[in-house]
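Asks: Following this message is one structure expressed as structure tokens.
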Amino acid sequence: YSTFPHSPRWKKDNVTYRILNYTPDMLQADVEEAIAKAFQLWSSVTPLRFTKLYSGQADIMISFASGFHGDFYSFDGPGGTLAHAYPPSSGIGGDAHFDEDENWTKFTTYNGYNLFLVAAHELGHSLGLGHSNVFGALMYPIYMARDTRNYRLPQDDIDGIQALYEPTQITPSKTPMRPKDCDPHLSFDAITTLRGEILFFKDIYVWRKSPYFSGIEHDTISSFWPSLAGGFDAAYEVDKKDRVIFFKDNQYWAVSGYRIEPGFPRPIQNLGFSTSVRKIDAAVHDPNTKKTYFFVGQKYWSFNENTQSMERGYPRKIAADFKGIGHRVDAALQRNGHFYFFHGSKQYEFDIKNKKLIHITKSYSWFNC
Amino acid sequence: FPVVPEKEKEDIQLAKQYLENFYDFKEEKDSLFKSKNLDRMSKKIREMQSFFGLEVTGELNRRTLDMMKQPRCGIPDVRS
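For the record, the sequence lines run as chains A and B.
Each residue of the first sequence is one higher than the one before, starting from 461 at the first, in the numbering used here.
Each residue of the second sequence is one higher than the one before, starting from 1202 at the first, in the numbering used here.
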């Protein structure tokens, strides 16, 4: 690895970034995801934390431009130079520019450049790393197409960034390991749908099951929402509003894709819970009735999404209305007219219309085990 | 077959631009001694070949040119 002359670095742990414009080659949400994941690579091995700004001056300004764009290095049309970024300092320092004449893609393909890979490289410059001559290192100057699912920062890059910033102070024994997909004891903290996909949460980890790709993708929560900590208690989606709500302790956040909606977190009392309710165990939304059910201990509440208010007559016993569910619920999911309740390593499939428990299986049944 | 002269010119131009962009090569346009520029260019080609783990010859061979044509980051590999 190498650093720039005089080894410039950010003298703070909290670094801000802002995406000034978007390439038309990709969905805006996919650009945001690629950039967030790129930052997450670096934050996973350093004390650095990256906060996205939506206006004003950020430390790292990210933009797409063609040809001459007002700095020292003009872009050169398709191919050749793909992007560049400046070492940490004020003004243009830290900024990352991407050549709009390239075809930017979400995944590695033969007819475009994977934005995540290029962004991760450029942000290495933004943090103070120069080019590495180690083939295979992220900071190697040549673009190398590779599968970026489960991409891990190569050791040379880890050594480089940790020479500039302290290594992450995490005691390995305290970092929860991601359980294996087919671990018979696998349980979940929370589960939700998101734009047709299903996200399963456990500690800092996410299992992503999508109709758009085969297999299960493994991610961390911070790779999607860098400012959200892991360990959600509950989550649910209101697909008509393109909104997912996450609960942790007595607070909740609303996200739309990769964007956390402004004004969050809010206290769960805003939803109508009394202060005696400290946390939600599970939540699930029924798109047919527009009602959301919140599970706490042995009881559940019904929330009307239309009126944004808790319904009268609640809480009720879970076992009274969901026969066969005689215990607390860890996580809940709605899919094709069925509720799926998760408790430990077991999953209870419940027919909403006929109010009948129809199947009990293992929690990992979604992972093709 | 030998490289056609036009193609050779293009390759040399591409190499010059590449070395200017990424290896701090500066061609002296008014130099009376053409060989001086060639020496400087050869030195920079060596530097580039060494960085990428290519055989260090100082000559603009096929492998070196192929490497120069790869898509890459616009930040120089060496600085003045």
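All C-beta atoms in this analysis are idealised placements derived from N, C-alpha and C, irrespective of residue type, glycine included.
#1: Which whole runs of the beta strand (DSSP E) in the stretch 475–518 of chain A are 3 residues long or more, in chain order?
#2: In angstroms, rounded to a whole number, what distance separates the CA positions of Asp555 of chain A and Val737 of chain A?
#3: Using a Cβ-Cβ distance cut-off of 8 Å, determine whether Thr569 of chain A contacts chain C.
#4: Which residue marks the beginning of the alpha helix (DSSP H) containing Met637 of chain A, and which one marks its end?
#5: Using 8 Å as the limit for Cβ to Cβ distance, is Phe1252 of chain B near chain A?
#6: Which one or two residues does DSSP pair with Trp564 of chain A in a beta bridge?
#7: Classify Ser523 of chain A as helix, strand or coil using the three-state DSSP reduction.
#8: DSSP state of Trp685 of chain A, grouped into three classes?
#9: Excluding the five sequence neighbours on either side, which residues of its own chain have a C-beta within less than 6 Å of the C-beta of Asp709 of chain A, listed in chain order?
#10: Any Cβ of chain A within less than 8 Å of the Cβ of Ile1276 of chain B?
#11: Mind checking whether Asn764 of chain A and Lys750 of chain A have CB atoms under 8 Å apart?
#12: Shorter than 8 Å from the beta carbon of Arg1247 of chain B to some beta carbon of chain A?
#13: My assumption, with CB atoms under 8 Å, is that Ile785 of chain A sits in contact with Tyr800 of chain A. Please give the rounded CB distance.
#14: Using beta carbons (cut-off 8 Å, strictly below), is Arg1263 of chain B in contact with chain A?
#15: Once the 5 residues before and after Gly516 of chain A are set aside, which same chain residues still bring their CB inside 6 Å of it?
#16: For Tyr774 of chain A, which option in A:Lys783, A:Lys759, A:Gln768 has the closest C-alpha, if you only look at C-alpha atoms?
#17: Could you list which residues in chain A have their beta carbon closer than 8 Å to that of Gln1214 of chain B, in chain order?
#18: Nearest chain A C-beta to Asp1280 of chain B closer than 8 Å, yes or no?
#19: Tell me whether Pro632 of chain A is buried or exposed, calling it buried when 16 or more other Cβ atoms sit within 10 Å of its Cβ.
#20: Measuring straight from C-alpha to C-alpha, what distance separates Glu1229 of chain B and Asp490 of chain A?
#21: Check the C-beta distance from Ser823 of chain A over to Phe648 of chain A and give it rounded, since I have them as a contact under 8 Å.
#22: My output table needs one value for Ala623 of chain A: the three-state DSSP class, helix, strand or coil.
#23: Can you say whether Lys634 of chain A is buried or exposed, counting buried as having 16 or more other CB atoms within 10 angstroms of its CB?
Replies: Looking at the coordinates:
#1: Segments of the beta strand (DSSP E) lying fully in the stretch 475–518 of chain A: 509–512.
#2: When the Cα atoms are used, Asp555 of chain A and Val737 of chain A turn out to be separated by approximately 45 Å.
#3: You won't find chain C in this structure, because its protein chains are A and B.
#4: Per DSSP, Met637 of chain A belongs to no alpha helix (DSSP H) and is neither H nor E.
#5: Chain A contact via Cβ: present.
#6: Checking the DSSP bridge columns, you'll see Trp564 of chain A partnered with A:Tyr573.
#7: Of the three classes helix, strand and coil, the one that applies to Ser523 of chain A here is strand, per DSSP.
#8: Under the three-state reduction of DSSP output, Trp685 of chain A falls in the coil class, being neither helix nor strand.
#9: Excluding the 5 residues flanking it on each side, Asp709 of chain A has same chain C-beta neighbours closer than 6 Å at Lys739, in chain order.
#10: Chain A contact via Cβ: present.
#11: In contact: Asn764 of chain A and Lys750 of chain A (Cβ atoms closer than 8 Å).
#12: No, Arg1247 of chain B lies away from the interface with chain A (no Cβ there is under 8 Å from its Cβ).
#13: Taking C-beta atoms under 8 Å as the contact rule, Ile785 of chain A and Tyr800 of chain A fail to qualify, at a distance of about 11 Å.
#14: Closer than 8 Å to the CB of Arg1263 of chain B there is not a single CB belonging to chain A.
#15: Excluding its 5 nearest sequence neighbours in each direction, Gly516 of chain A has no C-beta neighbour in its own chain below 6 Å.
#16: Nearest of A:Lys783, A:Lys759, A:Gln768 to Tyr774 of chain A, Cα basis: A:Lys759.
#17: Simply none; closest approach about 13 Å.
#18: Per the sequence shown, the amino acid found at residue 1280 of chain B is Arg instead of Asp. It does; some Cβ of chain A falls within 8 Å.
#19: At Pro632 of chain A, the pLDDT of 43 sits below 50, so the modelled position is not reliable and the matter cannot be decided from this model.
#20: Answer to the nearest angstrom: the Cα atoms are 46 Å apart.
#21: Taking a contact as a CB-CB distance under 8 Å, the pair Ser823 of chain A and Phe648 of chain A counts as one, their CB atoms being some 6 Å apart.
#22: If DSSP states are grouped into helix, strand and coil, Ala623 of chain A belongs with the helices.
#23: Only weak support is given to the placement of Lys634 of chain A: the predicted model assigns it a pLDDT of 44, under 50, and the value that follows is read from those uncertain coordinates. Exposed is the call here.
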